[in-house]
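Okay, structure first, notes after.
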Amino acid sequence: MNEELWAKCVAYHGHHCPGLAIGVRASLEIIKALPIDFEAGDEIVCVAENESCSVDGIRVVLGCTGEKGNLFFIKGGNQAFSVFNQTTGKSIRLVLKDLPEMERDQKEAFLLNEPDASKLFEFMKPHFELPQKS
Ligand SMILES: [Zn+2]
Numbered sequence: 154m155n156e157e158l159w160a161k162c163v164a165y166h167g168h169h170c171p172g173l174a175i176g177v178r179a180s181l182e183i184i185k186a187l188p189i190d191f192e193a194g195d196e197i198v199c200v201a202e203n204e205s206c207s208v209d210g211i212r213v214v215l216g217c218t219g220e221k222g223n224l225f226f227i228k229g230g231n232q233a234f235s236v237f238n239q240t241t242g243k244s245i246r247l248v249l250k251d252l253p254e255m256e257r258d259q260k261e262a263f264l265l266n267e268p269d270a271s272k273l274f275e276f277m278k279p280h281f282e283l284p285q286k287s
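Position one of the sequence shown corresponds to residue 154 (the numbering used here), numbered consecutively onward.
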């Protein structure tokens with residue numbers, strides 16, 4: 154895990170917690186898997202299925218916010234994020250897997266540092282399409 158990025162996320166969120174780690178790691182995996190090229194100016198939209206600590210990770214790492222109009226919520230209570238790259242037309246949905254029982258700090262470290270992302274998340278297609286931009 155990039156310590157500098159994690160420190161930035163913790164500063165934004167106000168504390169460190171496993172929830173924040175979920176959102177940060179999910180964002181990093183989404184950038185790789187979708188992929189997203191921020192330098193090329195890719196425009197992305199995120200639909201989160203919860204409104205918990207993890208969403209701050211999405212805000213900082215993916216730059217999706219309500220103010221910018223590229224962060225939306227649907228009810229469901231899942232640690233799941235559908236991200237649409239509107240520049241490439243590609244999309245992905247990451248869903249947190251059931252993790253083994255562990256202490257809070259251990260869980261946070263596992264989420265940030267586990268090399269095999271498939272132990273953390275299910276990589277799927279979103280259940281829906283976004284409306285076309287007019
Ligand atoms: Zn938190």
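Ideal Cβ positions, reconstructed from N, Cα and C, are used throughout, including at glycine.
| Item | Value |
| --- | --- |
| Validate contact between the segment 157 to 177 and the segment 187 to 199 using beta carbons, cut 8 Å, 3 pairs | no |
| Test item: CB-CB of residue 217 and residue 199 under 8 Å | yes |
| Where residue 282 falls, given that 16 or more other Cβ within 10 Å makes a residue buried | exposed |
| Other residues of its chain near residue 223: CB distance less than 6 Å, five sequence neighbours each side excluded | 198 and 217 |
| Closest Cα partner of residue 171 within the set 232, 277 and 220 | 232 |
| CB of residue 178 within 8 Å of CB of residue 264, strictly | yes |
| 8 Å CB neighbourhood of residue 209 in its chain, flanking five on each side removed | 162, 165, 166, 173 and 176 |
| Reduced DSSP secondary structure (H/G/I, E/B, other) of residue 225 | strand |
| Residues surrounding ligand 1 [beta-carbon distance to nearest heavy atom under 7 Å] | 166, 168, 170, 172, 173 and 206 |
| Opposing strand residues paired with residue 189 [DSSP bridges] | Residue 189 is not bridged to any residue. |
| According to DSSP, residues forming a beta bridge with residue 199 | 224 and 236 |
| Runs of alpha helix (DSSP H) wholly within the segment 250 to 286 (minimum 4 residues, chain order) | 257 to 266 |
| Contact belief for residue 238 with residue 154 at Cβ below 8 Å, rounded distance in angstroms | In fact, because the Cβ distance is near 23 Å, the residues do not count as touching under 8 Å. |
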